[in-house]
Amino acid sequence: MTTTAMGQSEGTWSVTTRVIVYAAIGAALYALFNWLSFGIAMPGTNDVSIRPHYGLLTFFGFAFGPVVGFLTGFVGNVVGDQLTGWGAFTSWQWSVANGLAGMIAGLFPFWMASRMSSPGSKAVTAAVAGVVATVIGFLFIFVELVTQQEMGFNAILTTEYIPTVIGNSIAAAIVTPILVLAWEPLREQLGR
Amino acid sequence: MRAAFPYLGRGSWLASRDPRVLLVAAILFVIGASQLRDSRQLGVVLVLALGYYCTARIPWRAVRVQWIYLLAVISFFAFFNTLISGGRTGTFTGAETHVLFTLPPFGAEISAEGVSLMLSQVMRYAAVAAIGFPIAYAIAPGDLGVALRRLGVADKIAVMVDLTVRFIPTLAGEFAETIDAQRVRGYDPTARKGGPITRLRRLAPIFVPVTVGSIAGAEDTIDAMDLRGFGVGRRTWLRHLKFDAFDFVLLGLFVLFAIVATFLNVTGRTDHYLLPFLV
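Chains as they are written, first to last, in my numbering: chain W, 188 to 379; chain V, 15 to 293.
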């Protein structure tokens, strides 16, 4: 049995002990898999690579809420970049984009609660949430139009946004529902 | 499998600075460098950034691969950007370009403007990386949480970052154990058969147990923290941080850099520079 701490509310945006620990686990896993780099190249493309671990951040957002999703994506990417030696702030805009994707995935269960009556529908919603969150969240990288003025709109769109969104959407659409289906029985067992 | 921040800069001048200085310096530097476009100014900034990096005394052999990878990726993207834009972005938007040569088969133009833009982009990224590397290698991993807290980040978020750093080696161990366990059951982690979707699904026997196992294990941590009253009152930290004179000077220099870069940007004195010898 779990003891509930006094004074910690459990709203959508609350930062409780549970949120802190789940976000830390999510960020650590994301950073670790980033470091191990599981890129799967898409045949017939130059630079589209699927990163399966991307599905982790959409899963953590979907399963534990928008705060966990944002922290998993943002901190996970920052720490992962540090582990690989890329530097925490070298590509800060990508970290924010990852965070936003996790956060948006975390909002879906609240928006679509009525459509998630069975595990199957929950898995489908998780896949949709992962894809939509990726498409919207990664729009943030267009901030490079201001911070990297050498990058034109077309260059950002064709070399960064589209390849990333394709690869990450595939990962999110497959990995998120798998993890949701694996987590559901355990969640019920734990009484969450 | 060893996944942790190696404290390579231990004992160096930069590592003996207050860790908050390294974090704030990196943020101020990103703010400043993002506003500079002139490759001559960026060249000076890059030299200064490398000087700062050298004070961390990070052994070259330990980070050689990271630097090569970073420079290769940056150069690749900058080159690709040059191919796509043809040098007609930034200050050179709408300007007539000086084509140096064209690349077959599509006749992509490599122009003097494109090469100049590429140089600015690569130098900016390299300078930001030089300032960012010491965060990984010259801050004691245990100091990260308290440094964030003392910078005004909420207690809970500072603890979360601290926990993330501490969880990584543990999870790396669990990951290695899971691979070994699945291998005993006949799973081949090196299999390359099938398309990307099949290969993605084949990773489930690794991803699912590691992730779900970690979440289930997190319940003990949550219970332990709740039982100790985490989050119900103000938290104290064992480690105390204090700025010394060098810290103030260093921070002052970075603040000055951000102000100067903003001034140059606002007054239009940092347009992209067309390398004269290419025209």
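Where a beta carbon is used, it is the ideal one built from N, C-alpha and C, also for glycine.
As the structure is a prediction and not an experimental result, all values here were calculated from the model.
Among the options, the one whose alpha carbon lies nearest that of residue i
i: alanine 214 of chain W; options: W/Ala250, W/Leu223, W/Trp200, W/Asn264; result: W/Asn264
i: isoleucine 41 of chain V; options: W/Trp279, W/Trp273, W/Thr345, W/Ile291; result: W/Trp279
i: tryptophan 81 of chain V; options: V/Ala144, V/Ala172, V/Phe115; result: V/Ala144
i: phenylalanine 340 of chain W; options: V/Asn95, V/Lys170, V/Thr204; result: V/Asn95
i: proline 148 of chain V; options: V/Ala29, V/Leu252, V/Leu288, V/Phe277; result: V/Ala29
i: valine 367 of chain W; options: W/Arg238, W/Phe246, W/Phe276; result: W/Phe246
i: alanine 300 of chain W; options: W/Leu287, W/Gly289, W/Met290, W/Ala316; result: W/Ala316
i: threonine 199 of chain W; options: W/Leu344, W/Phe295, W/Ala313, W/Leu326; result: W/Phe295
i: arginine 249 of chain V; options: V/Pro33, V/Val136, V/Lys170, V/Ala86; result: V/Lys170
i: serine 228 of chain V; options: W/Ala284, W/Gly248, W/Val208, W/Thr203; result: W/Val208
i: threonine 192 of chain V; options: V/Pro223, V/Gly156, V/Leu241; result: V/Pro223
Through-space distance from residue j to residue i, alpha-carbon basis
i: valine 311 of chain W; j: isoleucine 273 of chain V; result: 50 Å
i: lysine 256 of chain V; j: valine 263 of chain V; result: 14 Å
i: alanine 358 of chain W; j: histidine 254 of chain V; result: 43 Å
i: valine 322 of chain W; j: isoleucine 349 of chain W; result: 9 Å
i: arginine 102 of chain V; j: glutamate 127 of chain V; result: 7 Å
i: valine 175 of chain V; j: glycine 245 of chain V; result: 15 Å
i: valine 269 of chain V; j: threonine 212 of chain V; result: 51 Å
i: valine 280 of chain V; j: proline 306 of chain W; result: 55 Å
i: leucine 288 of chain V; j: serine 130 of chain V; result: 6 Å
i: leucine 270 of chain W; j: alanine 18 of chain V; result: 7 Å
i: alanine 292 of chain W; j: threonine 225 of chain V; result: 18 Å
i: aspartate 237 of chain V; j: tyrosine 217 of chain W; result: 23 Å
i: serine 304 of chain W; j: isoleucine 361 of chain W; result: 20 Å
i: leucine 344 of chain W; j: leucine 133 of chain V; result: 21 Å
i: leucine 22 of chain V; j: phenylalanine 271 of chain V; result: 27 Å
i: glutamate 123 of chain V; j: tryptophan 273 of chain W; result: 30 Å
i: phenylalanine 277 of chain V; j: arginine 51 of chain V; result: 13 Å
i: threonine 259 of chain W; j: valine 113 of chain V; result: 45 Å
Min CB distance residue i to chain W below 8 Å
i: serine 89 of chain V; result: no
i: arginine 34 of chain V; result: no
i: alanine 86 of chain V; result: no
i: isoleucine 41 of chain V; result: yes
i: aspartate 240 of chain V; result: yes
i: arginine 163 of chain V; result: no
i: glutamine 196 of chain V; result: no
i: threonine 69 of chain V; result: no
i: valine 142 of chain V; result: yes
i: leucine 292 of chain V; result: no
i: glutamate 191 of chain V; result: no
i: serine 26 of chain V; result: no
i: glycine 245 of chain V; result: yes
i: arginine 215 of chain V; result: yes
i: glutamate 127 of chain V; result: no
i: isoleucine 273 of chain V; result: no
i: isoleucine 236 of chain V; result: yes
Proximity test, Cβ basis, 8 Å: residue i and chain V
i: glycine 245 of chain W; result: Note on identity: in this sequence residue 245 of chain W is threonine, with glycine being the wrong assignment. No, threonine 245 of chain W lies away from the interface with chain V (no Cβ there is under 8 Å from its Cβ).
i: glutamate 375 of chain W; result: no
i: valine 315 of chain W; result: no
i: threonine 199 of chain W; result: no
i: alanine 210 of chain W; result: yes
i: asparagine 341 of chain W; result: yes
i: isoleucine 361 of chain W; result: yes
i: glycine 272 of chain W; result: yes
i: alanine 192 of chain W; result: The predicted position of alanine 192 of chain W is uncertain, since its pLDDT is 45 and thus under 50; a value taken from the coordinates is nonetheless stated next. Closer than 8 Å: yes.
i: isoleucine 237 of chain W; result: yes
i: valine 266 of chain W; result: yes
i: proline 215 of chain W; result: Rather than proline, the amino acid found at residue 215 of chain W in this sequence is alanine. Yes, contact with chain V.
Chain-ordered chain V contacts of residue i [CB-CB under 7 Å]
i: tyrosine 241 of chain W; result: Neighbours of tyrosine 241 of chain W on chain V: none; closest Cβ ~11 Å, over 7 Å.
i: alanine 288 of chain W; result: Result: empty, since nearest Cβ-Cβ is about 17 Å, beyond 7 Å.
i: isoleucine 365 of chain W; result: Ala218, Val222
i: valine 318 of chain W; result: Simply none; closest approach about 14 Å.
i: alanine 369 of chain W; result: Val222, Val226
i: threonine 345 of chain W; result: Ile98
Proximal residues of chain W, C-beta to C-beta of residue i below 7 Å
i: glutamate 170 of chain V; result: Before going further, note that residue 170 of chain V is lysine rather than glutamate in the sequence given. Near lysine 170 of chain V (Cβ distances below 7 Å), the residues of chain W are Val202, Ile207.
i: alanine 186 of chain V; result: Leu219
i: leucine 131 of chain V; result: Glu337
i: tyrosine 139 of chain V; result: Thr277
i: threonine 51 of chain V; result: First, the residue type needs correcting, since residue 51 of chain V is arginine and not threonine in the sequence shown. Result: Gln336.
Neighbour list for residue i in chain W, Cβ cutoff strictly below 8 Å
i: serine 48 of chain V; result: Val333, Thr334, Gln335
i: asparagine 95 of chain V; result: Glu337, Met338, Gly339, Ala342, Thr346
i: glutamine 55 of chain V; result: Going along chain W, no residue has its Cβ under 8 Å from glutamine 55 of chain V, so there is no contact; the nearest lies around 14 Å.
Chain V residues whose Cβ lies nearer than 9 Å to that of residue i
i: valine 262 of chain W; result: Ile171, Met174, Val175, Thr178
Closer than 9 Å at the beta carbon, the chain W residues around residue i
i: leucine 265 of chain V; result: Those within 9 Å of leucine 265 of chain V in chain W number zero; the least Cβ separation is about 16 Å.
i: glycine 23 of chain V; result: Neighbours of glycine 23 of chain V on chain W: none; closest Cβ ~13 Å, over 9 Å.
Stretch-stretch touch, CB-based, cutoff 8 Å, three pairs: the stretch 31-49 of chain V with the stretch 157-171 of chain V: Two segments are said to touch when three or more pairs of C-beta atoms, one from each, lie closer than 8 Å; by this definition the stretch 31-49 of chain V touches the stretch 157-171 of chain V.
At least 3 beta-carbon pairs within less than 8 Å: the stretch 368-375 of chain W vs the stretch 98-110 of chain V: By the Cβ test, the stretch 368-375 of chain W is not in contact with the stretch 98-110 of chain V, since fewer than three Cβ pairs between them sit closer than 8 Å.
Stretch-stretch touch, CB-based, cutoff 8 Å, three pairs: the stretch 210-226 of chain V with the stretch 249-265 of chain W: No: fewer than three Cβ pairs fall under 8 Å.
Cβ pair count under 8 Å reaching 3, the stretch 131-146 of chain V against the stretch 61-68 of chain V: Yes, the stretch 131-146 of chain V is in contact with the stretch 61-68 of chain V.
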